[in-house]
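Take a look at the structure set out below.
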Amino acid sequence: MLLNLTRLLKMKKLPLKIAFLLTVFFASSNLFAQDFQGKAYYISKTTMDLDQFGGQDMSAERKKQIQERMKSFLEKEYTLTFSKSESIYKEEEKLAAPGGGGGRGGFGASLTGGPKYKNVQTKEVIQDQEFFGKQFLVKDELKDLEWEMGTETKLIGQYTCFKATATVVPSGVDFSSFRGSRGRDQKSEVEKGKDSTDSNEPKAPKTIEVVAWYTPQIPVNQGPDDYWGLPGLILEINADRTTILCTKIVLNPKEKESIDKPKKGEEVTQAEYTEITTKKMEEMREMYGGRNGRGGGRGRN
């Protein structure tokens, strides 16, 4: 524990105020024995800009209807079962709303990750994922996040949380690249000129600013989804258009759950899985784009 504290106190830009408080918290961390386990409940909400997907000409009412239909895909509940070194992050299964189209087995299920296992000691991250009927086991190295520690605090429930920020390159499919054909055709001449001029230059990877709120009162460097590496459990994440918020914590439950690594599926790295899913989405875009073109032709005859 002392070694872990020393490493944490050397983190980038760790203010003296936080260092002092962490020393106090970690000094009492013998309450968290080796068999310590906890369970945190999170809600995740994502907003979507329909204008990026050809919705510029939609009425406000139509946009609202689409957002309601996508609610089950954009608003989810998760649990994080964690020990000092391991965690498993799972989506809570729900019955699909009648006519919602977002239930398990539908299009939304193909884009939603399965249980995600993290081990902060061995630096493993493993996720089982079904994508259009095929099972994958996405296995990779847990990436370090360069957190900048702040002094700002706030209460989340009964826990005092500190703010930290990081700039990250998101993994997975970049949906902003799958815009409708109308959106692609409506590029300005300036944009088209820039595209042709810069076509040989490598694109800089998209980055997003992540704001995390963590509590040293639970001295584990775990958190929801891909987030970890802070001197306390992460209770809130704000990343791009997604907010993940902890709503309940149970420490040392009477009945402990096993934290098992996912094992089923074809083993791939995150980069390989992203390539597979991106290629499939490109195929779907071309297929539906072609149908729309044929449909438009029939309508004019």
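Mature numbering (1 follows the signal peptide of the UniProt record, and there is no 0) puts the sequence shown at residues -33 to -1, 1 to 268.
Beta carbons: idealized from backbone N, C-alpha and C, even for Gly.
Considering just the uninterrupted stretch of the beta strand (DSSP E) at residue i, what are its terminal residues?
i	result
F98	E91 to F98
T174	Looking at the DSSP string, T174 is not in any beta strand (DSSP E), and its letter there is neither H nor E.
D107	K101 to E108
L200	L200 to A206
F3	No beta strand (DSSP E) contains F3, which DSSP labels as neither H nor E.
Y56	E53 to E58
Y45	E42 to F49
Would you call residue i buried or exposed, if buried means 16 or more other Cβ atoms sit within 10 Å of its Cβ?
i	result
E249	exposed
N188	buried
M116	buried
E53	buried
D111	exposed
M251	exposed
Inspect the beta-carbon positions of residue i and residue j and report whether they are closer than 8 Å.
i	j	result
E224	F103	no
I55	I185	no
Y84	P229	yes
V235	V87	no
G5	F49	yes
K51	F99	no
D95	K231	yes
Quick one: what's got a C-beta closer than 8 Å to residue i's C-beta in the same chain, skipping five residues either side?
i	result
Y181	C128, F129, A131, G190, L197, P198, G199, L200, I201 and L202
I123	W180, T182, L202, E203, L212 and C213
T120	T127, C128, F129 and K130
E42	I10, S11, K12 and T13
For my contact list, residue i and residue j are in at a C-beta cut-off of 8 Å; report their separation, rounded to the angstrom.
i	j	result
E108	T134	Actually they are not in contact, since the Cβ atoms of E108 and T134 sit about 19 Å apart, beyond 8 Å.
T89	R208	In fact, because the Cβ distance is near 32 Å, the residues do not count as touching under 8 Å.
Going by beta carbon distance, what residues of the same chain come within less than 7 Å of residue i, once the five residues before and after it are set aside?
i	result
V157	Low confidence applies to V157: its pLDDT is 45, below 50, so where it sits in the model is not reliable enough to give any reading.
V137	The question names Val, yet the displayed sequence has Pro at residue 137. Only K173 and I175 meet the Cβ criterion.
I10	E44, L212 and T214
V178	K130, T132 and N205
E59	E44, Y45 and T46
Starting from the C-beta of residue i, find all residues in its chain whose C-beta is less than 6 Å away, skip the five residues before and the five after it, and write them out in chain order.
i	result
K57	T46 and P82
R151	Residue placement at R151 cannot be trusted, given a pLDDT of 46 that sits under 50; what the coordinates show is reported in the next sentence. Correct list: empty, nothing qualifies.
L218	G5
I93	Y84, K106, K228 and P229
I216	A7
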